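S.K.:
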Amino acid sequence: LNNQKEQLKALEKSDDNAKREQRKLKNDQDDVRDRQRKIDKAQNKADRKRDNIESAQNKVAKQTNKLADANSDLIKIQEKFAKKKLRGNLSPIEISQFEVKITKQQLKIKEIETDILKAQQKFDKLQ
53 LNNQKEQLKA
63 LEKSDDNAKR
73 EQRKLKNDQD
83 DVRDRQRKID
93 KAQNKADRKR
103 DNIESAQNKV
113 AKQTNKLADA
123 NSDLIKIQEK
133 FAKKKLRGNL
143 SPIEISQFEV
153 KITKQQLKIK
163 EIETDILKAQ
173 QKFDKLQ
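Everything in the sequence shown is counted per the working numbering, starting at 53 for the first residue and increasing by one.
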């Protein structure tokens with residue numbers, strides 16, 4: 053009878069130890085899961101930041117190319133105007149039309165320069 057009681061106590065004790073170990077293991081697993089979530093969250097944040105920087109950098113490059121194209125278009129318009137003006141076969145209306153085209157192109161260039169400045173500021177802010 054005494055032996056059975058001792059065996060029962062030993063069995064209960066080992067059962068309690070097993071439950072305690074199980075709780076500890078579950079807590080450890082929860083900690084690992086939480087740490088993994090934090091790592092994933094930090095990785096996602098870093099990925100988004102890298103994507104934003106890359107996007108801002110691409111926008112600056114795109115606007116710079118657009119500016120170069122606009123400048124070359126302005127030069128073409130001015131050269132065409134100068135050639136026709138040298139020939140002397142431009143009416144006052146055509147002269148005004150060329151001047152309007154040139155002014156519009158210059159305004160377009162100013163807008164692109166402003167866009168480049170904004171894009172560059174955004175890029176600098178992200179870095």
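For glycine and all other residues, C-beta sits at the position ideal for the given N, C-alpha and C. What you are looking at is a predicted structure, and each value in this text was computed from that prediction instead of being measured.
Among the candidates 179, 111, 106, whose CA atom is the shortest distance from the CA of residue 170?
M.R.: Sequence index remark: in the sequence shown, residue 170 carries index 118 (1-based). When each option's Cα is compared against that of residue 170, the closest is 111.
S.K.: Decide if the stretch 149 to 165 is in contact with the stretch 74 to 91; the criterion is three or more beta carbon pairs, one per stretch, under 8 Å apart.
M.R.: Too few Cβ pairs lie closer than 8 Å, so no.
S.K.: In the DSSP assignment, find the alpha helix (DSSP H) that holds residue 179 and state where it starts and stops.
M.R.: One-based indexing of the sequence shown puts residue 179 at position 127. Counting along the chain, residue 179 falls outside any alpha helix (DSSP H), and DSSP gives it neither H nor E.
S.K.: By the three-class DSSP mapping on this structure, what secondary structure does residue 53 have?
M.R.: Counting from one through the sequence shown, the residue named residue 53 turns up at place 1. DSSP places residue 53 in coil when its eight states are reduced to three.
S.K.: With a threshold of 16 other CB atoms inside 10 Å of the CB of residue 108, please say whether the residue is buried or exposed.
M.R.: Within the sequence shown, residue 108 is the residue found at index 56, counting from 1. Its Cβ being crowded by 16 or more others within 10 Å, residue 108 is buried.
S.K.: With 16 as the cutoff for other CB atoms within 10 Å, does residue 74 come out buried or exposed?
M.R.: Taking the sequence shown and counting its residues from 1, the one referred to as residue 74 is at position 22. Classification of residue 74: exposed, given that the 10 Å Cβ count is below 16.
S.K.: Is residue 107 helix, strand or coil when you go by DSSP?
M.R.: Within the sequence shown, residue 107 is the residue found at index 55, counting from 1. Three-state DSSP puts residue 107 in a helix.
S.K.: If you draw a straight line from the C-alpha of residue 39 to the C-alpha of residue 95, how long is it?
M.R.: No information on residue 39 is available, as it lies outside the stretch 53 to 179 that the chain covers here.
S.K.: What does the alpha-carbon distance come out to for the pair residue 167 and residue 127?
M.R.: Locating residue 167 in the sequence shown gives position 115, counting from the first residue. Locating residue 127 in the sequence shown gives position 75, counting from the first residue. Each residue's alpha carbon lies about 21 Å from the other.
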